[in-house]
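**Q** The working numbering puts the first residue of the sequence shown at 46, with every later residue one more than the last.
Beta carbons: idealized from backbone N, C-alpha and C, even for Gly.
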Amino acid sequence: MDKRFDKVIKEINRGKKFLAVSHVSPEGDAIGSLLGITLALRSIGKDVTAYLEDPVPKMFDFLPGAETIVHTLDGAGAFDATFAVDCGQKERLGKGFIALKGPGSIINIDHHATNDRFGDVNVIEPDASAAGELVYDLIKAASINMTLDIATNLYVAIHTDTGSFRYSSATADAFMKAGELVRIGVSPWEISRRIYENYPARKYVLLGMVLPTLDIINLDGGKSIAILAVTLEMFRKAGAEKDLADGFVNYARGIEGVEVGMLLREISANEYKVSMRSKGGVDVAEVTGYFGGGGHRNAAGCTLKGSLEDVKARIMGVIKEKTFATEKA
Ligand code: AMP
Ligand code: MN
């Protein structure tokens, strides 16, 4: 018996009206986990409001249940309990949630090592490849039937957070669960086609502007850092939404000899959302943590204010000082 979810299952049995939430700028794991738990609870007769502060990126709008996600909690009233999935800090659930008067017990289900355990009940497992793996385990522990719609959402959660099963997070458990979801009827090619073979052409127009910004900074010891930048001006010129820059950071990390790849994405004038990706030698969550962000060892993010050059300099300062300090000494 899986004991980790005993308290969660008690909350499920006790409640009727639930809220499910995930983080701002949602990606595959946030949306897949949110909809997985939402559909599972609805299937046993619970009233569930699924809330995201930000819109669902177009590449994920095919997910079963996505059409029921709401983006405001005005007039929502009180809930018996709230499921927060894939989110390390309460503030990242968005302004609408923070302003909500009656979330009930907060059930925090997450896999970020940087999670600050903001829930009344916390199931935090940094070893899980995706929050979707934990929702999978919860559904099994609660003996809820895994429908194809739930399976599709959880498959996408695991698939996207493991980088299509390429990252070190792609454990035997992740493969085993994904395999089980495929057995239920999820089609890997259908999912890949919808997510990765369906980009609007303007994503490539934007990429064409971003690649020339490549800046490679060589550090002592032969390692280097690669930085790409995308500005508001580029988004405007390409007619592209902000989420179309998702994934560009991988071009930076993908370079030979590069230890950390970075994408600096201007989200408002002189404010940058920073995405960092490491090959494993540097804990980028430690670097983003210094700036109030979070994430995982190999993938982390934070937001910084200032000019592009200023933001770059501050980040490089921390990387050089904190991360390579021990090796230099
Ligand atoms: P991203 O670069 O946005 O794909 O994020 C990589 C990882 O870092 C994800 O696990 C995010 O949840 C986490 N992350 C990104 N931005 C932040 C932030 N501002 N605060 C905390 N965690 C973040
Ligand atoms: Mn995740």
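Contact between the segment 300-320 and the segment 355-368: three or more CB pairs below 8 Å?
**A** yes
**Q** Here's the rule I'm using: 16 or more other beta-carbon atoms within 10 Å means buried, otherwise exposed. How should residue 115 be labelled?
**A** One-based indexing of the sequence shown puts residue 115 at position 70. Looking at its Cβ environment, which holds fewer than 16 other Cβ atoms inside 10 Å, residue 115 is exposed.
**Q** Out of 301, 322 and 288, point me to the one whose CA is closest to residue 311's CA.
**A** Numbered from 1 along the sequence shown, position 266 holds the residue referred to as residue 311. Nearest of 301, 322 and 288 to residue 311, Cα basis: 288.
**Q** Drop a sphere of 10 angstroms on the beta-carbon of residue 138, count the other beta-carbons inside from all chains shown, and report buried for 16 or more, exposed for fewer.
**A** Looking up residue 138 in the sequence shown gives position 93. Burial call: buried.
**Q** Taking only three categories from DSSP, how would you classify residue 373?
**A** Position 328 of the sequence shown, counted from the start, is the residue given in the question as residue 373. Interpretation of residue 373 is limited by its pLDDT of 40, a score under 50 that renders its predicted location unreliable; the figure taken from the coordinates is listed afterwards. Correct three-state label for residue 373: helix.
**Q** Whole angstroms are fine: how far does the CA of residue 363 sit from the CA of residue 335?
**A** Your numbering for residue 335 matches position 290 in the sequence shown. Your numbering for residue 363 matches position 318 in the sequence shown. Distance between the alpha carbons of residue 335 and residue 363: 8 Å.
**Q** Using a C-beta cutoff of 8 Å, does residue 314 count as contacting chain B?
**A** Checking the listed chains, one finds no chain B in this structure; it contains a single protein chain.
**Q** Compare the Cα-Cα distances from residue 345 to each of 282, 206 and 283 and report the closest residue.
**A** Position 300 of the sequence shown, counting from 1, holds the residue named residue 345. For residue 345, the nearest C-alpha among the options comes from 206.
**Q** Grab the span of the beta strand (DSSP E) containing residue 96 for me, first residue to last.
**A** In the sequence shown, counting from the first residue as 1, residue 96 sits at position 51. 92-96 is the span of the beta strand (DSSP E), which, as asked, contains residue 96.
**Q** Could you give the DSSP three-state label for residue 323: helix, strand or coil?
**A** On the sequence shown, position 278 is the one that residue 323 refers to. Residue state, collapsed to three classes: strand.
**Q** If you check the beta carbons only, do residue 101 and residue 85 fall under 8 Å apart?
**A** Within the sequence shown, residue 101 is the residue found at index 56, counting from 1. Within the sequence shown, residue 85 is the residue found at index 40, counting from 1. No. Outside cutoff.
**Q** Closest to residue 135 by C-alpha separation, out of 202, 113, 151 and 279, would be which residue?
**A** By one-based count along the sequence shown, residue 135 stands at place 90. Measuring from the Cα of residue 135, the nearest candidate turns out to be 151.
**Q** Nearest by alpha-carbon distance to residue 349: which of 301, 222, 333 and 291 is it?
**A** As a first step, residue 349 is located in the sequence shown; it is residue number 304 there, counting from the start. The shortest Cα separation from residue 349 among 301, 222, 333 and 291 belongs to 333.
**Q** Is residue 219 near residue 203, with beta carbons less than 8 Å apart?
**A** Within the sequence shown, numbered from 1, the residue matching residue 219 stands at position 174. Within the sequence shown, numbered from 1, the residue matching residue 203 stands at position 158. Contact flag set, yes.
**Q** With burial defined as no fewer than 16 other Cβ atoms inside 10 Å of the residue's Cβ, what is the status of residue 113: buried or exposed?
**A** Start at 1 with the first residue of the sequence shown, and residue 113 comes out as number 68. With fewer than 16 Cβ atoms within 10 Å of its Cβ, residue 113 is classed as exposed.
**Q** Suppose you measure from the CA of residue 46 to the CA of residue 238; what does that come to, to the nearest Å?
**A** Counting from 1 along the sequence shown, the entry for residue 46 is found at position 1. Counting from 1 along the sequence shown, the entry for residue 238 is found at position 193. One C-alpha to the other measures close to 37 Å.
**Q** Along the chain, where does the beta strand (DSSP E) that runs through residue 242 open and close?
**A** As a working note, residue 242 is residue 197 in the sequence shown. Taken as a continuous stretch (DSSP letters only), residue 242 belongs to no beta strand (DSSP E), as it is neither H nor E.
**Q** Tell me whether residue 176 counts as near the ligand MN, meaning its Cβ is closer than 7 Å to at least one heavy atom of that ligand.
**A** Taking the sequence shown and counting its residues from 1, the one referred to as residue 176 is at position 131. For the ligand MN, at least one heavy atom lies less than 7 Å from the Cβ of residue 176.
**Q** May I ask you to report which of helix, strand or coil DSSP gives residue 59?
**A** Here residue 59 refers to the residue found at position 14 when the sequence shown is read from its first residue. Looking at residue 59 - three-state DSSP - the assignment turns out to be helix.
**Q** On the three-state DSSP scale, how would you describe residue 153?
**A** Position 108 of the sequence shown, counted from the first residue, corresponds to residue 153. Three-state result, residue 153: strand.
**Q** Under 8 Å, do residue 290 and residue 272 count as touching if we go by C-beta distance?
**A** One-based indexing of the sequence shown puts residue 290 at position 245. One-based indexing of the sequence shown puts residue 272 at position 227. Cβ atoms of residue 290 and residue 272: not closer than 8 Å.
**Q** Mind the definition here: the segment 210-226 touches the segment 238-252 only if three or more C-beta pairs lie below 8 Å; say whether that holds.
**A** no
**Q** Can you give the Cα-Cα distance for residue 190 and residue 128, rounded to whole angstroms?
**A** Here the question's residue 190 lines up with position 145 in the sequence shown. Here the question's residue 128 lines up with position 83 in the sequence shown. Looking at the two C-alpha atoms, the distance is approximately 19 Å.
**Q** Going straight from the alpha carbon of residue 158 to that of residue 78, what length do you get?
**A** Counted from its first residue, the sequence shown places residue 158 at position 113. Counted from its first residue, the sequence shown places residue 78 at position 33. Residue 158 and residue 78: Cα-Cα distance of roughly 17 Å.
**Q** Go ahead and pull the three-state DSSP assignment for residue 288.
**A** For this step, residue 288 is matched to residue 243 along the sequence shown. Residue 288 falls in the helix class under three-state DSSP.
**Q** Please report the straight-line C-alpha distance between residue 56 and residue 92, rounded to a whole angstrom.
**A** On the sequence shown, residue 56 is found 11 positions in, with the first residue counted as 1. On the sequence shown, residue 92 is found 47 positions in, with the first residue counted as 1. Distance between the alpha carbons of residue 56 and residue 92: 14 Å.
**Q** Leaving out five residues on either side along the sequence, give the residues of the same chain with a beta carbon under 7 Å from the beta carbon of residue 372.
**A** Counting from 1 along the sequence shown, the entry for residue 372 is found at position 327. With a pLDDT of 47 at residue 372, under the threshold of 50, the modelled position of this residue cannot be trusted, and the question is left open.
**Q** Measuring only from the beta carbon, is residue 137 closer than 7 Å to any heavy atom that is part of the ligand AMP?
**A** The sequence position of residue 137 within the sequence shown is 92, counting from 1. Because some heavy atom of the ligand AMP lies under 7 Å away, the Cβ of residue 137 counts as near it: yes.
**Q** What do you reckon, are the CB atoms on residue 339 and residue 133 nearer than 8 Å?
**A** Position 294 of the sequence shown, counting from 1, holds the residue named residue 339. Position 88 of the sequence shown, counting from 1, holds the residue named residue 133. Yes, the pair counts as a contact, with Cβ atoms nearer than the cut-off.
**Q** Does DSSP put residue 317 in a helix, in a strand, or in coil?
**A** Position 272 of the sequence shown, counting from 1, holds the residue named residue 317. Strand.
**Q** Looking at the ligand MN, does it come within less than 7 Å of residue 204, judged from the CB to the closest heavy atom?
**A** In the sequence shown, the residue the question calls residue 204 occupies position 159. No - the ligand MN has no heavy atom lying nearer than 7 Å to the Cβ of residue 204.
**Q** For the ligand AMP, I want to know if residue 207 counts as a neighbour, meaning its beta carbon is within less than 7 Å of at least one of the ligand's heavy atoms.
**A** Working through the sequence shown from its first residue, we reach residue 207 at position 162. No - the ligand AMP has no heavy atom lying nearer than 7 Å to the Cβ of residue 207.
**Q** Take residue 121 as the anchor and find which of 106, 103, 108 and 143 has the nearest alpha-carbon.
**A** Working through the sequence shown from its first residue, we reach residue 121 at position 76. A check of alpha carbon separations from residue 121 across 106, 103, 108 and 143 identifies 143 as the nearest.
**Q** Kindly indicate the opening and closing residues of the beta strand (DSSP E) around residue 269.
**A** To locate residue 269, count along the sequence shown from 1; it is residue 224. Where residue 269 is concerned, the enclosing beta strand (DSSP E) stretches over 269-275.
**Q** When you compare only the Cα positions, how much space is there between residue 108 and residue 254?
**A** Locating residue 108 in the sequence shown gives position 63, where the first residue counts as 1. Locating residue 254 in the sequence shown gives position 209, where the first residue counts as 1. If I take the Cα positions, the gap works out to 31 Å.
**Q** How would you write the range of the alpha helix (DSSP H) that residue 220 sits in, first residue to last?
**A** Position 175 of the sequence shown, counted from the start, is the residue given in the question as residue 220. 217-229 is the span of the alpha helix (DSSP H), which, as asked, contains residue 220.
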